[in-house]
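Have a look at the structure below before the remarks.
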Amino acid sequence: MSDDNLILIRGRGSISALGLGGNFSASSPLPAFSSRSVGSRALPVAGLPAAAEEAVTALRHAHATYRQFDRTVLLALLAARQATTQAGWTPNADGGLGVSIGSSRGATGRLEQFHADFLADGVVAAAASPLTTLGNVASWVAYDAGAHGGAALSHSSTCSSAFQALGNAVAWLRAGLAGRFLAGGAEAPLTDFTLAQMQALGIYSTFAPQQWPCRPGAGAPSTFVLGEGAAVFALEKISRAALAAARAAGDTSPQFQLESVGFGFEPIPSKTGLSPDGQHFQTAMRQALRQANCPPAAVDTLVLHSPGTPAGDAAERRAVEAVFQSENAPQLVSNKWLAGHTLGASAALSLEFALQILTHQTWPAPPFTTYLATAPTRPIRRVLVNAAGFGGNAASALVSLV
Numbered sequence: 002m003s004d005d006n007l008i009l010i011r012g013r014g015s016i017s018a019l020g021l022g023g024n025f026s027a028s029s030p031l032p033a034f035s036s037r038s039v040g041s042r043a044l045p046v047a048g049l050p051a052a053a054e055e056a057v058t059a060l061r062h063a064h065a066t067y068r069q070f071d072r073t074v075l076l077a078l079l080a081a082r083q084a085t086t087q088a089g090w091t092p093n094a095d096g097g098l099g100v101s102i103g104s105s106r107g108a109t110g111r112l113e114q115f116h117a118d119f120l121a122d123g124v125v126a127a128a129a130s131p132l133t134t135l136g137n138v139a140s141w142v143a144y145d146a147g148a149h150g151g152a153a154l155s156h157s158s159t160c161s162s163a164f165q166a167l168g169n170a171v172a173w174l175r176a177g178l179a180g181r182f183l184a185g186g187a188e189a190p191l192t193d194f195t196l197a198q199m200q201a202l203g204i205y206s207t208f209a210p211q212q213w214p215c216r217p218g219a220g221a222p223s224t225f226v227l228g229e230g231a232a233v234f235a236l237e238k239i240s241r242a243a244l245a246a247a248r249a250a251g252d253t254s255p256q257f258q259l260e261s262v263g264f265g266f267e268p269i270p271s272k273t274g275l276s277p278d279g280q281h282f283q284t285a286m287r288q289a290l291r292q293a294n295c296p297p298a299a300v301d302t303l304v305l306h307s308p309g310t311p312a313g314d315a316a317e318r319r320a321v322e323a324v325f326q327s328e329n330a331p332q333l334v335s336n337k338w339l340a341g342h343t344l345g346a347s348a349a350l351s352l353e354f355a356l357q358i359l360t361h362q363t364w365p366a367p368p369f370t371t372y373l374a375t376a377p378t379r380p381i382r383r384v385l386v387n388a389a390g391f392g393g394n395a396a397s398a399l400v401s402l403v
């Protein structure tokens with residue numbers, strides 16, 4: 002954009018099957034999947050490793066109120082704390098810090114438990130409603146961050162929810178309605194009922210946990226695997242002049258710019274389907290590129306949504322081919338084979354993956370046959386990230402080194 006201001010990612014935090022921070026630097030990662038029994042079947046899932054689980058438990062018992070929280074809220078709090086610490090932000094009460102969090106389902110575990118209790122004894126706890134609203138996630142992140150008086154925005158647009166939250170935060174920042182924002186997504190869907198829903202769709206992977214059960218870009222059979230996690234980003238608007246002055250003063254730290262967030266929608270008869278050529282993906286990618294005045298050839302890497310379903314993967318790849326009609330098309334990568342599909346948190350975790358790619362200038366090679374790239378073939382300066390969800394919606398975020 003021609004704007005003299007930049008939206009910088011000053012800090013980031015995440016928690017997923019890859020642990021706290023989600024570092025993928027190991028050249029030969031091990032599968033981070035386990036097995037969960039649902040009815041008569043054992044399903045692979047991407048749950049938290051032991052150290053991350055300990056962090057969740059410690060947070061739950063650190064504050065009397067937090068013991069009531071759904072797991073989704075706790076994951077969001079842990080990711081947000083990492084982001085604010087990395088950004089060097091301290092709690093403030095001046096209204097300058099906003100919060101925008103996406104979650105497809107919100108307080109899944111608490112909602113299911115409250116409902117089970119009601120079916121068992123006909124009694125509903127007084128805390129049931131306030132602890133299970135979708136706004137509950139963003140409001141508690143704001144409380145924990147000390148963002149009293151600022152915006153606390155919640156978004157639910159299935160699996161692109163985190164980018165809906167990110168795009169709203171960018172709009173607020175560009176409009177001058179806030180100076181800083183915590184934005185991202187969180188999801189803790191590894192509950193019996195949610196897993197049964199995913200299994201009922203007929204897309205769940207039949208591979209064992211140690212066989213890399215989620216295989217985006219591998220074709221049939223479907224290899225969808227559910228995961229849990231959160232990623233939150235500390236966003237700040239800064240002028241180009243201020244950034245230049247900081248660098249002139251000796252600040253040589255790498256800076257990540259969130260250039261744009263684009264959205265796409267296609268009206269489709271099936272709320273779980275999408276067009277064969279991924280029209281919503283095409284619209285979202287083109288909008289993100291247009292907002293940033295970025296030619297397609299300037300994108301080095303593309304983090305696919307790639308849920309591991311043959312139809313979904315194929316439609317997204319056709320959409321990419323339609324937008325990037327060049328021999329300089331970006332290399333295609335995915336993080337779902339590492340951390341599963343985390344629904345409303347997936348876009349945020351994909352963006353965190355993109356930032357790690359920009360930092361390390363590499364990514365781990367998938368240990369299965371796929372069209373995903375195994376290693377970069379050129380320096381990586383700019384990464385586009387895709388997300389999509391039920392209902393025909395898609396979103397794309399463009400991030401770069403500045």
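According to the working numbering, the residues represented by the sequence shown are 2 to 403, in order.
Heads up, the beta-carbon is just placed ideally off N, CA and C, and yes, glycines get one too.
I'd like to check one pair, residue j with residue i: are the Cβ atoms closer than 8 Å?
i    : j    : result
R383 : A299 : yes
G151 : V100 : yes
T73  : A108 : yes
I8   : Q362 : no
G392 : K238 : no
L350 : T343 : yes
R13  : A232 : yes
A219 : F354 : no
H281 : N394 : yes
A1   : L183 : No information on residue 1 is available, as it lies outside the stretch 2 to 403 that the chain covers here.
Taking its Cβ as the centre, do 16 or more other Cβ atoms sit within 10 Å of residue i, making it buried, or is it exposed?
i    : result
N329 : exposed
Q198 : exposed
A396 : buried
F225 : buried
A94  : Any reading at A94 must be qualified, since the residue scores a pLDDT of 48, below 50, and its modelled position is unreliable; no value is offered.
V142 : buried
N24  : exposed
H64  : exposed
A176 : exposed
G390 : buried
S206 : buried
A398 : buried
E229 : buried
D1   : Since the first and last residues shown for the chain are 2 and 403, residue 1 lies out of range.
Between the options, which has its C-alpha nearest residue i's C-alpha?
i    : options                   : result
Q332 : H342, G12 and I358        : I358
L356 : A374, V304, G345 and W338 : V304
T284 : G186, A320 and T360       : A320
L385 : G228, A340, Q326 and C295 : C295
A129 : E113, Y144 and W141       : E113
A340 : N24, G14 and A33          : A33
G274 : M286, S347, T310 and D301 : T310
H116 : F194, P268, L202 and A366 : F194
S307 : S347, A187, A250 and R291 : S347
R61  : E322, A51, A53 and L75    : L75
L191 : A43, W173, I102 and S162  : A43
G103 : A153, E317 and K337       : A153
Any idea which residues DSSP pairs residue i with across the strands?
i    : result
E237 : L9 and R181
Y144 : None; Y144 has no bridge partner.
L396 : A quick correction: the sequence has Ala, not Leu, at residue 396. Partner(s): F264 and A388.
G14  : V233
Y205 : F225
Scan the stretch 161 to 193 and note each continuous alpha helix (DSSP H) run of 4 residues or more that stays entirely inside, going in chain order. Counting only runs of 4 or more, we get 162 to 175.
What are the uninterrupted segments assigned as beta strand (DSSP E) that are 3 or more residues long and contained completely in the stretch 326 to 376, given in chain order? The stretch 326 to 376 contains, as complete beta strand (DSSP E) runs of 3+ residues, the segments 332 to 334 (chain order).
Write down every uninterrupted run of the beta strand (DSSP E) in the stretch 91 to 118 whose length is 3 residues or greater and which is fully enclosed by it, in chain order. 98 to 103, all fully within the stretch 91 to 118.
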